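Student: Following this message is one structure expressed as structure tokens.
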Amino acid sequence: MKFEMKNRLKPCAALSAVIIVIALVMSMMGMGMNLGIDFTGGTLMTYDMNVKTFDTADISAALAECGVTDAQIAVTGEDKDQVQIRIKDVENTDDLRTALEEKLSASYPDIEYVDITRVGAVVGSELISNAIKSLTLAAVLMLVYIAFRFDLYSGIAAIIGLIHDVAIMLSFVVILRSFIRVETTFIAALLTIVGYSINNTIIIFDRIRENVHKAGVRQLPREQIVNLSVTESLPRTLNTTITTLLTIVTLYVLGVDSIKQFALPLIIGILAGTYSANLINGYVWALLMDKRGKKAKA
């Protein structure tokens, strides 16, 4: 039996609305995004290891034993023999420093304390503002491009889908706050999703445009044209999505923590983009075009 896509705009829109509302409620209850040190600032501790080579995994393990799991460790110094440890602010820094030095001295007996300072957020309002400006500019340019290549309502539907994908990704970042920590890589993942999402949408709209001008199809209701277009594009969409996800899921499973914080939002965004491109955007276009037709008749 041949598979054929059906219009599921209302239940899909309702599902997306529920996810977004859950995230908003959690945020209002103080369970919003799990912001990393880059966004919140913290304490920077510097140590001279006094060895030619050392393993940062040893430092991570020592920090974990002291109850610190969210830390950024960087090797510094001219001879790469120093380490900088960036952590969130703690109640008693002196106690943490004493416990950490005691554990590290077992493996590195010549470790030497250098400095400890309070540092501000590396990623502040300026970077967030730039990201918002980038998304806004991208949305406007996409609207102009799609309106020129297809029609204005295709552009509007594509932007609605883009906003949907970003909102769903942000919502899951809130819902899965125990697994996702918002760091600098999150901005990169967000911008990557914008490109991936709009690409999927353009593929669908290109097929819709072909079918609108095809004999034997153009006289069909627009909803049925979208059904046919999505059905015809589905093998390509699934193949692209599955091959992309295989790579990113592998990165998530085998990657270090910083890679995981980039890969998981990307996985969510790719799934949201595929979902909206096939089940929402085309039907939004059909709805807008039908409304325009009714107004023209009136």
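For the sequence shown, my numbering puts the final residue at 1634, and the numbers step up evenly by one. Beta carbons: idealized from backbone N, C-alpha and C, even for Gly. Because the structure is a prediction, the values reported are computed rather than measured.
Is there contact between the segment 1469–1482 and the segment 1524–1543, where contact requires at least three CB pairs shorter than 8 Å?
Tutor: Yes, they touch.
Student: Given residue 1609, which residues of its chain have a CB within under 7 Å of its CB, disregarding the five upstream and five downstream residues?
Tutor: Around residue 1609: 1501, 1529, 1532, 1533, 1536.
Student: Measure the Cβ-Cβ separation of residue 1617 and residue 1540 and say whether it is below 8 Å.
Tutor: Against a cut-off of 8 Å, the Cβ pair of residue 1540 and residue 1617 comes out as a contact.
Student: How would you call residue 1598, buried or exposed, if buried means at least 16 neighbouring beta carbons within 10 angstroms?
Tutor: Per the 10 Å Cβ criterion, buried.
Student: Quick one, which of 1606, 1573, 1628 has its alpha-carbon nearest residue 1581's?
Tutor: Answer by Cα proximity: 1606.
Student: Starting from the N-terminal side, write out each stretch of the alpha helix (DSSP H) that is 4 residues or longer and does not extend beyond the segment 1356–1414.
Tutor: If we require 4 residues or more, the alpha helix (DSSP H) runs fully inside the segment 1356–1414 come out as 1373–1376, 1392–1401.
Student: Looking at the structure shown, is residue 1555 part of a helix, part of a strand, or coil, going by DSSP?
Tutor: Three-state result, residue 1555: coil.
Student: For residue 1514, count the other beta carbons within 10 Å of its own beta carbon; 16 or more makes it buried, fewer makes it exposed. Which is it?
Tutor: With fewer than 16 other Cβ atoms within 10 Å, it is exposed.
Student: Which same chain residues, not among the five before or five after residue 1404, have their C-beta less than 6 Å away from its C-beta?
Tutor: Answer for residue 1404: 1423, listed in chain order.
Student: Between which two residues does the alpha helix (DSSP H) harbouring residue 1433 extend?
Tutor: Note, residue 1433: alpha helix (DSSP H), 1429–1440.
Student: Taking the alpha-carbon positions, what's the residue 1491 to residue 1628 distance?
Tutor: About 15 Å.
Student: Kindly indicate if chain C contains any beta-carbon less than 8 Å away from that of residue 1597.
Tutor: Of the protein chains in the structure, only one exists, and it is not chain C.
Student: On the CB-based measure, 16 or more other CB atoms within 10 Å of its CB, does residue 1442 come out buried or exposed?
Tutor: So residue 1442 ends up on the exposed side.
Student: Taking DSSP as the reference, what is the three-state secondary structure of residue 1337?
Tutor: With a pLDDT of only 41 at residue 1337, under 50, the local geometry of the prediction cannot be trusted, and no value is derived from it.
Student: Where does residue 1480 sit, in a helix, a strand or coil, going by DSSP?
Tutor: Correct three-state label for residue 1480: helix.
Student: According to DSSP, simplified to helix, strand and coil, what is residue 1627?
Tutor: Helix.
Student: Just to confirm my understanding: we take residue 1352, look at its own chain, exclude 5 residues before and 5 after, and list those with CB closer than 7 Å. What are they?
Tutor: Result list for residue 1352: 1500, 1504, in chain order.
Student: Check whether the Cβ atoms of residue 1518 and residue 1446 sit closer than 8 Å, and answer yes or no.
Tutor: Going by C-beta atoms, residue 1518 is not nearer than 8 Å to residue 1446.
Student: Going by C-alpha to C-alpha distance, which of 1355, 1342, 1347, 1382 sits closest to residue 1604?
Tutor: The residue with the shortest Cα to Cα distance from residue 1604 is 1355.
Student: Hey, quick one: how far does the beta strand (DSSP E) through residue 1422 stretch, first residue to last?
Tutor: From DSSP, the beta strand (DSSP E) with residue 1422 extends over 1418–1423.
Student: Please confirm whether residue 1511 and residue 1359 have their CB atoms less than 8 Å apart.
Tutor: Yes.
Student: Roughly how many whole angstroms lie between the Cα atoms of residue 1611 and residue 1575?
Tutor: If I take the Cα positions, the gap works out to 14 Å.
Student: One question on the structure: do residue 1554 and residue 1562 come within less than 8 Å of each other, judged by their Cβ atoms?
Tutor: No, these two residues do not count as a Cβ contact at 8 Å.
Student: Using CA coordinates, which residue listed in 1444, 1449, 1620 is at the minimum distance from residue 1430?
Tutor: Taking only the C-alpha atoms, the option nearest residue 1430 is 1449.
Student: In three-state DSSP terms, what is residue 1444?
Tutor: Coil, per DSSP.
Student: In the DSSP output, what is residue 1452 paired with across the bridge?
Tutor: Its beta-bridge partners are 1381.
Student: With DSSP collapsed to three states, give me the class of residue 1426.
Tutor: Looking at residue 1426 - three-state DSSP - the assignment turns out to be coil, as it is neither helix nor strand.
Student: Where does residue 1518 fall in DSSP's three states?
Tutor: Three-state result, residue 1518: strand.
Student: For residue 1367, which of 1615, 1507, 1626, 1543 has the nearest alpha-carbon?
Tutor: For residue 1367, the nearest C-alpha among the options comes from 1507.
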